[in-house]
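Trainee:
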Amino acid sequence: MPLLEQQAALIVELLSLEHKQDGYQLEVGLTGSGGFTRKVLLIDEFTYLQMNMLASSQGHRVRLSLYPKWDPFRRTYFSSLIKMNSTYSETLYFACSEAYVSQLLQLKQLTFPPPEADAVPTELPSPEPQQTGPLTRSAGTFRLARPIVLRCILFSLLFVLFFLRMDGTVFNSAEAHENFNEQELSARSSVPVAYVPEIHQASFQGTEAVPVPETGQVLEPEGESEPEAKPVVEPEAEPVTDAEPDAEAQSPLVETLELDGSGYEYSLAKGYVALSFDDGPSKYTQEIVDILLAHGVAANFLFIGQNAQHYPQAVRYADEHGMPVGSHSWDHSDLTKNSSGENHNNLLRSVQVLEQNTGKPVTVFRPPYGAINGSLAAEAGKQKLKVLLWNRDPEDWKADTAEQITRYFHNTDPSGGIYLLHEKAVTVKALPAIIEYLKSKQLKFAIFR
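Residue numbers are given in the numbering used here: position 264 of the sequence shown equals residue 1624, and the series is strictly consecutive.
Take a look at the structure:
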């Protein structure tokens, strides 16, 4: 659908994003054909946390897109913002709630109040000669000036559309990459990897924990209906013995979910929870596996290829005791900065060393720092790797005590969460309490293959 003229010229600039006592507040500046105005929106916690990861200005101006999209694979809306300065512009994407989408629709329909006599304009207009008497410009002069004015207005509108890159077909906007509408989306069961927007890293130590919308779903294996979370009887912890391969299949607390690779998995359905461990293998791998087995649960292990060379026995131990082993790249570098050829070799080396130790195909991949773009996603798809992200980050890599880590679990809703953990001594110490807390919530532990 073509844009309405008023919408095409509307610029939405983020002025502030704050967490106040009465909720989460978003202030925007709106510049349109009718002038400039400010508006304060009260937004939900989910959208605030998602946006707050990306919107830190630090010398940048931030503009918000008015064109959210529905993602049927993740069962949530996503929108975008643009961070820019005089030499830099980057489009970033974030998940958002249906309430936030409704507020964007209201902004599109906003009418601008007439300017007040004593109001100070946001941008000072160019000085014009003062008019000292009645207008005496000839009709011929007006006819000459009018085409020039119209061209200036048209050029300005085109420049705004080009600069904002919203809902157009230029460069790297989500709409340009995807070129789909909601009717097309509803006909699909998932979003192809090539069509999933770029996900840029929010920080170099993982993303901030965010709640999952009530509509968050996990894609179940074809032909099966979504299971309902049911109360379970916790088995008494037993001494760890030499377990048989795929031991988690015998536990009533664990369910294996198959990833189909059509998008990025980063959340679960309500009633489920998943633990995942990055940056191994290490001297702590076997201890972590033993704790999981003692409590009758399982987790995904995302191993770095270089580390697997130093701890091959840890790779085998995790695999032999039913823990899915995946790739976390060869060297934990930011793969979005590499060429396609470099990423091909990086992923291949990691997969090869892991498969040599497990004797099984490696099919799950987690990009370092959660940084992924279209080129990396395409290479992962060529190597039949399915991307697994996360939506809960206790930041255990910088915790000083086990209590700091467990406190995070008690302060967030674990249902539907994929937790990002690391193979650290402090995490090992906190792990038994973490598992007991999650079991007390009667959640099913999910592992991904």
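From the three backbone atoms N, C-alpha and C, an ideal C-beta is built for every residue, glycine too.
(1) In the structure shown, what three-state DSSP assignment does Q1664 receive?
(2) Where are the alpha helix (DSSP H) runs, 4 residues long or more, that stay fully inside the stretch 1752-1787, in chain order?
(3) Buried or exposed: where does K1801 fall if 16 or more other Cβ atoms within 10 Å of its Cβ makes it buried?
(4) Cβ of E1618 within 8 Å of Cβ of K1804?
(5) What is the rounded straight-line gap between the Cα of L1424 and the Cα of L1441?
(6) Only counting the same chain, and skipping five residues up and downstream in sequence, which positions put a Cβ closer than 6 Å to that of D1691?
(7) Who are the Cβ neighbours of Y1644 in its own chain at under 6 Å, not counting the five residues just before and after it?
(8) Across which residues does DSSP place M1413 in a beta bridge pair?
(9) Under a three-way DSSP split, which group does A1459 fall into?
(10) Got a sec? Which residues, its chain only, sit under 8 Å from L1708 by beta carbon, not counting five neighbours each side?
(11) What is the C-beta distance between A1658 and I1807, in whole angstroms, given that I count them as a contact (C-beta under 8 Å)?
(12) Assign A1832 to one of three DSSP states: helix, strand, or coil.
(13) Note down the Cα distance separating N1412 from Q1712, rounded to an integer number of angstroms.
(14) Taking the alpha carbon of T1391 as the reference point, which residue from H1379, D1404, E1373, Q1385 has its own alpha carbon closest?
(15) Ordered along the chain, which non-local residues of its own chain (more than five positions away) have a Cβ less than 6 Å from that of L1401?
(16) When you compare each of S1689, N1733, V1786, I1732 to P1836 by their alpha carbons, which one comes out closest?
(17) Which of the three DSSP states, helix, strand or coil, is assigned to V1722?
(18) Going by C-alpha distance, which of L1749, L1791, L1745 is nearest R1767?
(19) State the DSSP-derived secondary structure class of R1676, mapped to helix, strand or coil.
(20) Could you tell me how far apart the beta carbons of L1749 and Y1632 are, in whole angstroms, since I believe they sit closer than 8 Å?
Mentor: Reading it off the structure:
(1) Taking the sequence shown and counting its residues from 1, the one referred to as residue 1664 is at position 304. The sequence as given places Ile at residue 1664; Gln does not occur at that position. Coil at I1664, not helix or strand.
(2) Within the stretch 1752-1787, the runs of alpha helix (DSSP H) at least 4 residues long that lie entirely inside it are, in chain order, 1762-1771.
(3) In the sequence shown, the residue the question calls residue 1801 occupies position 441. Answer is exposed; the Cβ neighbour count stays below 16.
(4) Sequence index remark: in the sequence shown, residue 1618 carries index 258 (1-based). Sequence index remark: in the sequence shown, residue 1804 carries index 444 (1-based). Taking C-beta atoms as the reference points, E1618 and K1804 fail to come closer than 8 Å.
(5) Looking up residue 1424 in the sequence shown gives position 64. Looking up residue 1441 in the sequence shown gives position 81. Going from the Cα of L1424 to the Cα of L1441 covers about 4 Å.
(6) Residue 1691 sits at position 331 when you count from the first residue of the sequence shown. Only Q1666 meet the Cβ criterion.
(7) Position 284 of the sequence shown, counting from 1, holds the residue named residue 1644. Closer than 6 Å at the Cβ level, and outside the excluded window around Y1644, lie E1783, V1788.
(8) For the purposes of this step, residue 1413 is identified with residue 53 of the sequence shown, where counting begins at 1. DSSP lists no beta-bridge partner residue for M1413.
(9) Mapped onto the sequence shown, residue 1459 falls at position 99. Helix.
(10) Locating residue 1708 in the sequence shown gives position 348, counting from the first residue. Contacts found: Q1743.
(11) Here the question's residue 1658 lines up with position 298 in the sequence shown. Here the question's residue 1807 lines up with position 447 in the sequence shown. For a cut-off of 8 Å, the C-beta gap from A1658 to I1807 is around 5 Å, short enough to register as a contact.
(12) Past the edges of the chain, shown from 1361 to 1809, lies residue 1832, and the structure says nothing about it.
(13) Walking along the sequence shown from the start, residue 1412 turns up at place 52. Walking along the sequence shown from the start, residue 1712 turns up at place 352. Taking the CA atoms as reference points, N1412 sits about 38 Å from Q1712.
(14) In the sequence shown, residue 1391 corresponds to position 31, counting from 1. Minimum Cα distance to T1391 is reached at E1373.
(15) Reading the sequence shown from its first residue, position 41 is the one you call residue 1401. Contacts found: L1386, Q1463.
(16) Residue 1836 is absent from the model: the chain starts at 1361 and stops at 1809.
(17) Residue mapping note: residue 1722 aligns to position 362 of the sequence shown, counting from 1. Secondary structure at V1722: coil, using DSSP grouped into helix, strand and coil.
(18) For this step, residue 1767 is matched to residue 407 along the sequence shown. Among L1749, L1791, L1745, the Cα nearest to that of R1767 belongs to L1791.
(19) Within the sequence shown, numbered from 1, the residue matching residue 1676 stands at position 316. Under the three-state reduction of DSSP output, R1676 falls in the helix class.
(20) Within the sequence shown, the letter at position 389 stands for residue 1749. Within the sequence shown, the letter at position 272 stands for residue 1632. 15 Å between Cβ atoms; not a contact.
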